[in-house]
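Visitor:
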Amino acid sequence: MTDTVATGSLAGTERLDRQSLSLLFIGLFATAIGQAFVFAILPPLGRSVGLDEVRITAIISTSALIFTLVAPFWGRFSDQIGRKPVILIGLMGYCIGSLAFAVLFSLAGDGAITGLTLFIVALIIRSLQAATMSATSPGCTAYAADHTVARFRIKTLARLSSANSIGMIMGPVMAGLVAGLGLLAPLVVASFMSGLAAVIIGLKLSKGVKPRATQTRPRRLGYFDARLRVYLFSAIGAFTGFAMVQQTLAFRLQDVLNLSGIETAQYTGWAMMVSAASSLFMQIVIAQRYAGPAIQLVRWGGGLLLVGTVIISALDSWGAVLTSMVLIGAGLGLLMPAVAAGASLAVGAEEQGSVSGLVSACPAAGFVLGPISGGFLYQYYQPAAGWGAVLILLIVFAMTLRPRKDTVLSQT
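Structure, rendered in structure tokens:
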């Protein structure tokens, strides 16, 4: 490997200071909880204005695809203009997009816009929002990497990753409470939270490392880069399998346990909260204290994901579902901080923005095909969705076991 790996910090500091870490956490948390709001209220909101299931899921899948395609651009762009401006672009884009979404569905509720026109406008607004909000995660991750030496990078990125887990835990609960004021209320709250986060970060976060003055653009990284592919494809495969399980979880619970619609929503919410809590626990207790090679943590995470998915595919009881969701959440809690740190350590300091963009795009990439393929397989043959996810995760786990000369062998 000819590139110099980023074992030191570009800012010359040993680790990111607590205030900056807290500010980055706020930015990621605001986006995560907003996304939890959207996933919770979009199905009933869409149905209330006449959108069918196909169009509702098309909005979600399209926005995930846009996020996947655009996030790497924001990572590279942050190498040129700095991390803070990119973070603010992402937060303000989410703020404006959520408000525009609320206005659109308010008009739809009044009958001012309906049918195909409503679907197309909703698709455009959500796609534009995804294109801008995809700036926040790579900007925050690259900012943290700029200020953190190798031996603290997994710990720092695990703390940042916990923002998503906390958002997933609190989001469904808060969405249910806020939705008591109306289905549009969560969108307004999400807009306010991301806007407030942008103001706080704009005022309090230092500019960070000054972009390097260079006449040539940083080399464009790709998913097949030999230094990165095991990390990136592990994350994409993990989230594809997870999305297949998540998308069909409610159907499986309702069919197997003979639940009503309300009971299905309650059981699904509990299962997802258990998974998110398990993920948060692993990020805080294990990942932040881990000091070995990143690839080993990726293997552990992939193994837990695989075992959890086998359990939920093979057994039908509620206890088995909860057990599997604990393992799945734990697997993601170990895997994603390790992927982010391993990929960051595998490239040079001048490529931190680019690699952060690629890593940030991986979860969304999993949600492009995961929900659609899971739903199709479940409709065709119910057990096929779970076992399809098992097959994908088995490939991921096998891929992490291959010996690699360019694996980061030490965090010190």
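Our numbering applies: residue -12 is where the sequence shown begins, and numbers increase by one. Beta carbons: idealized from backbone N, C-alpha and C, even for Gly. Computed from a prediction, not measured in an experiment: that's the story for all the values here.
Based on Cα-Cα distance, which residue from Phe12, Ile111 and Tyr367 lies nearest to Ile187?
Guide: Nearest of Phe12, Ile111 and Tyr367 to Ile187, Cα basis: Phe12.
Visitor: Using DSSP with H/G/I as helix, E/B as strand and the rest coil, what is Leu236?
Guide: In this structure, Leu236 counts as helix in the three-state DSSP scheme.
Visitor: What first and last residue would you give for the alpha helix (DSSP H) that runs through Gly335?
Guide: Careful: Gly335 lies outside any alpha helix (DSSP H) and carries neither H nor E.
Visitor: Note down the Cα distance separating Leu364 from Leu381, rounded to an integer number of angstroms.
Guide: Roughly 18 Å separates the two Cα atoms.
Visitor: I need the straight-line Cα distance from Gly84 to Arg389, nearest angstrom please.
Guide: Using only the alpha carbons, I get a separation of about 43 Å.
Visitor: Considering only residues of the same chain and omitting the five flanking positions on each side of Thr(-9), which have a CB-CB separation below 6 Å?
Guide: For Thr(-9), the predicted model reports a pLDDT of 42, less than 50, meaning its position is unreliable; a value from the coordinates is still stated below. Gly335, listed in sequence order.
Visitor: Is it true that the CB of Phe106 sits closer than 8 Å to the CB of Arg34?
Guide: Cβ atoms of Arg34 and Phe106: not closer than 8 Å.
Visitor: Straight-line CA distance for Leu319 to Pro350?
Guide: Those two C-alpha atoms are separated by around 10 Å.
Visitor: Within 10 Å of its beta-carbon, does Val355 have 16 or more other beta-carbons around it, so buried, or fewer, so exposed?
Guide: Buried is the call here.
Visitor: Per DSSP, what kind of secondary structure is Asn151 in: helix, strand or coil?
Guide: It is helical.
Visitor: Which of helix, strand or coil does DSSP assign to Lys197?
Guide: Looking at Lys197 - three-state DSSP - the assignment turns out to be coil, as it is neither helix nor strand.
Visitor: Counting only beta-carbon atoms, is Gly209 nearer than 8 Å to chain C?
Guide: No chain C appears in this structure, which consists of one protein chain only.
Visitor: Is Phe384 close to the ligand FMN? I mean its beta-carbon at under 7 Å from any heavy atom of the ligand.
Guide: Looking for the ligand FMN in the displayed structure turns up nothing, as the structure carries no ligands at all.
Visitor: Measure the Cβ-Cβ separation of Gln270 and Pro324 and say whether it is below 8 Å.
Guide: Yes. Within cutoff.
Visitor: Report yes if the C-beta distance between Leu322 and Ala263 is below 8 Å; otherwise report no.
Guide: No, the Cβ-Cβ distance between Leu322 and Ala263 is not below 8 Å.
Visitor: Is it buried or exposed, Ser247, if we count other Cβ atoms within 10 angstroms and call 16 or more buried?
Guide: Classification of Ser247: exposed, given that the 10 Å Cβ count is below 16.
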